[in-house]
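Residue numbers (the working numbering): 60 to 178.
Quick notes on the structure that follows.
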């Protein structure tokens with residue numbers, strides 16, 4: 060009886076639909092449904108998000124913190140797996156990765172830019 064209930068539980072979990080991210084990184088491209096939407100450029104530790112050749116925003120390393128900037132103005136900071144806005148926790152990097160299946164800093168930067176209406 061115990062084996063049967065374990066098998067039933069395993070089958071239920073196996074058939075549960077996984078939540079897939081809307082966007083996925085493929086090299087330096089951010090794709091949705093196989094189509095490139097954004098390009099990720101790196102320069103040292105800094106990350107730039109571009110669309111159609113124009114910069115949407117950047118994640119700039121400042122000590123142990125990354126500042127997400129739009130037009131030189133800081134919109135948020137990323138530190139220790141958290142995204143901060145105005146000193147308060149806004150979200151987590153793992154939450155950003157649910158939408159953007161990308162490395163942590165890229166996903167968090169995209170998430171912030173999206174929240175700010177910059178994508």
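Cβ atoms here follow ideal geometry from the backbone N, Cα and C, with glycine treated the same way.
Rounded to a whole number of angstroms, what is the C-alpha to C-alpha distance between residue i and residue j?
i: residue 99; j: residue 131; result: 18 angstroms
i: residue 95; j: residue 88; result: 6 angstroms
i: residue 75; j: residue 166; result: In this predicted model, residue 75 has a pLDDT of only 38, less than 50, meaning its place in the structure is not dependable; the value taken from the coordinates is given anyway. Approximately 25 angstroms between the Cα atoms of the pair.
i: residue 127; j: residue 93; result: 26 angstroms
i: residue 155; j: residue 122; result: 22 angstroms
i: residue 163; j: residue 153; result: 7 angstroms
Residues in the same chain with beta-carbon distance under 8 angstroms from residue i, minus the five sequence neighbours each way, listed in chain order, please.
i: residue 115; result: 97, 108, 109, 129, 172, 177, 178
Just to confirm the assignment, what range does the alpha helix (DSSP H) spanning residue i have?
i: residue 174; result: 163-174
i: residue 153; result: 152-158
Below 8 angstroms on the Cβ atoms is my contact criterion, and I expect residue i with residue j to pass it. Report the Cβ-Cβ distance as a whole number of Å.
i: residue 140; j: residue 151; result: 6 angstroms
Between which two residues does the beta strand (DSSP E) holding residue i run?
i: residue 130; result: Taken as a continuous stretch (DSSP letters only), residue 130 belongs to no beta strand (DSSP E), as it is neither H nor E.
i: residue 113; result: 113-121
Identify, in the order they occur along the chain, each residue of the same chain with its Cβ nearer than 7 angstroms to the Cβ of residue i, setting aside the five sequence neighbours on each side.
i: residue 175; result: 129, 134
i: residue 120; result: 104, 105
*Can you list, in chain order, the stretches of the alpha helix (DSSP H) that have 4 or more residues and sit fully within the segment 81-107?*
none
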